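**Student:**
Numbering (the working numbering), first residue to last: 3 to 335.
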């Protein structure tokens with residue numbers, strides 16, 4: 003059998019993305035501006051959420067969600083033990099304590115029985131991770147937080163909007179995934195997406211934060227808080243300051259600099275146009291792999307079930323009976 007060198011996830015960039023970026027460069031507006039705002043609007047439409055905030059990474063999105071919720075020292079945030087460092091690092095960035103929960107034997111989701119045992123009076127947030135684009139069991143997650151509602155004491159305005167542990171999904175891999183027909187982004191209380199170069203949908207670097215509709219949340223006020231935290235605590239971004247008579251602004255908090263630029267958003271606007279076909283191609287490839295491995299000792303994760311339709315970001319397999327050395331040899335060769 004011939005060996006093929008298949009590179010890991012090169013970005014799928016066409017002349018359409020290149021033309022859109024060139025248009026932005028010629029426009030003279032290359033930082034956060036009209037194209038970023040348009041991408042936010044279209045992503046909210048795609049994920050069926052009230053608002054989206056585009057940022058420079060999913061890591062920034064996760065951290066700002068925790069900061070908007072005012073999670074900090076003395077608080078605990080639960081995260082699966084099997085995840086990328088960013089899911090856990092952001093917890094320490096805000097001064098809270100990460101609590102790691104082991105995963106289930108046959109999936110990469112948290113063991114929900116262990117999750118329930120890990121919840122204390124200090125638990126403010128649970129961060130489930132949609133590894134490979136496979137959406138977690140949100141029925142079970144919300145069942146757990148409702149069962150433990152009596153342990154929760156809100157310590158900030160937005161925590162009071164929930165009055166229970168808040169579920170913040172790390173959906174870095176899951177743009178386009180669904181759970182019982184609902185798109186990722188509209189399922190958890192808050193969701194972060196990644197648009198890094200190796201993701202299904204890319205803006206080179208980049209990510210976004212969004213939240214599902216909640217009658218206790220003023221969406222414009224929430225959006226404004228994210229904007230302030232992502233732009234040095236300024237009450238206006240560059241686009242707003244350019245409007246006639248709108249030059250004056252205030253710095254209301256010592257915040258951060260993690261906004262998305264219009265150059266990045268230009269890529270995203272075209273990628274979103276192409277995204278249904280990109281996901282369709284991934285489905286074809288995964289289906290072919292599944293057929294090829296059927297009946298073998300190679301067992302892939304299920305990207306489609308009765309409740310889940312995955313974005314098929316990664317094709318992760320378990321090689322039955324393989325030793326660590328054999329696994330490494332397979333990867334090496």
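We treat Cβ as the ideally placed atom computed from N, Cα and C, and that holds for glycine. Being a predicted model, the structure only gives us computed values, none of them experimental.
From what residue to what residue does the beta strand (DSSP E) around residue 123 run?
**Tutor:** No beta strand (DSSP E) contains residue 123, which DSSP labels as neither H nor E.
**Student:** Straight-line CA distance for residue 283 to residue 84?
**Tutor:** The alpha-carbon atoms of residue 283 and residue 84 are separated by roughly 28 Å.
**Student:** Could you give the first and the last residue of the continuous alpha helix (DSSP H) run that contains residue 262?
**Tutor:** That residue, residue 262, is in no alpha helix (DSSP H); it is neither H nor E in DSSP.
**Student:** For residue 304, which residues of its own chain have a beta-carbon under 6 Å away from its beta-carbon, when the five flanking residues on both sides are left out?
**Tutor:** Nothing meets the Cβ criterion.
**Student:** Which partner residues of residue 233 appear in the DSSP bridge assignment?
**Tutor:** Paired residue(s): 259.
**Student:** Mind checking who residue 320 pairs with in its DSSP beta bridge?
**Tutor:** The partner list for residue 320 (beta bridge, DSSP) reads 301.
**Student:** Candidates 144, 310, 114: which alpha carbon is nearest residue 182's?
**Tutor:** For the residues 144, 310, 114, the minimum Cα distance to residue 182 belongs to 310.
**Student:** Return yes when the Cβ of residue 232 is within less than 8 Å of the Cβ of residue 51, no when it is not.
**Tutor:** Not a contact, by the Cβ cut-off of 8 Å.
**Student:** Does the CB of residue 271 have a neighbour CB from chain D at under 8 Å?
**Tutor:** In the structure shown, chain D cannot be found, because there is only a single protein chain.
**Student:** Take the Cβ of residue 10 as the centre, count every other Cβ of all protein chains shown within 10 Å, and call the residue buried at 16 or more, exposed below.
**Tutor:** With fewer than 16 Cβ atoms within 10 Å of its Cβ, residue 10 is classed as exposed.
**Student:** Does the structure place the region 16-23 close enough to the region 162-181 that three or more beta carbon pairs sit under 8 Å?
**Tutor:** Because the criterion of three Cβ pairs below 8 Å is not met, the region 162-181 and the region 16-23 do not touch.
**Student:** For residue 315, tell me which candidate among 293, 221, 286 has the shortest Cα-Cα distance.
**Tutor:** For residue 315, the nearest C-alpha among the options comes from 286.
**Student:** Quick one: give me the first and last residue of the alpha helix (DSSP H) that residue 333 is part of.
**Tutor:** Counting along the chain, the alpha helix (DSSP H) containing residue 333 begins and ends at 326-334.
**Student:** Between which residues of its own chain and residue 171 is the CB-CB distance below 6 Å, once the five residues before and five after are set aside?
**Tutor:** Closer than 6 Å at the Cβ level, and outside the excluded window around residue 171, lie 130, 190, 193.
**Student:** Do you know offhand how far residue 109's Cα is from residue 142's?
**Tutor:** Taking the straight line joining both Cα atoms gives about 15 Å.
**Student:** Assign residue 333 to one of two classes, buried (16 or more other C-beta atoms within 10 Å of its C-beta) or exposed (fewer than that).
**Tutor:** Looking at its Cβ environment, which holds fewer than 16 other Cβ atoms inside 10 Å, residue 333 is exposed.
**Student:** Counting only the same chain and skipping the five closest in sequence on each side, list residues whose C-beta sits under 8 Å from that of residue 274.
**Tutor:** Closer than 8 Å at the Cβ level, and outside the excluded window around residue 274, lie 41, 44, 45, 48, 203.
**Student:** Near residue 277, which residues of its chain fall below 7 Å by C-beta distance, leaving aside the five closest residues on each side in sequence?
**Tutor:** Excluding sequence neighbours, residue 277 sits near 178, 203.
**Student:** Keeping to the same chain, check which residues put their C-beta closer than 7 Å to that of residue 329; ignore five residues upstream and five downstream.
**Tutor:** The residues are 321.
**Student:** With a Cβ-Cβ cutoff of 8 Å, do residue 63 and residue 211 count as a contact?
**Tutor:** Yes; because the gap between Cβ atoms is below 8 Å, this pair is in contact.
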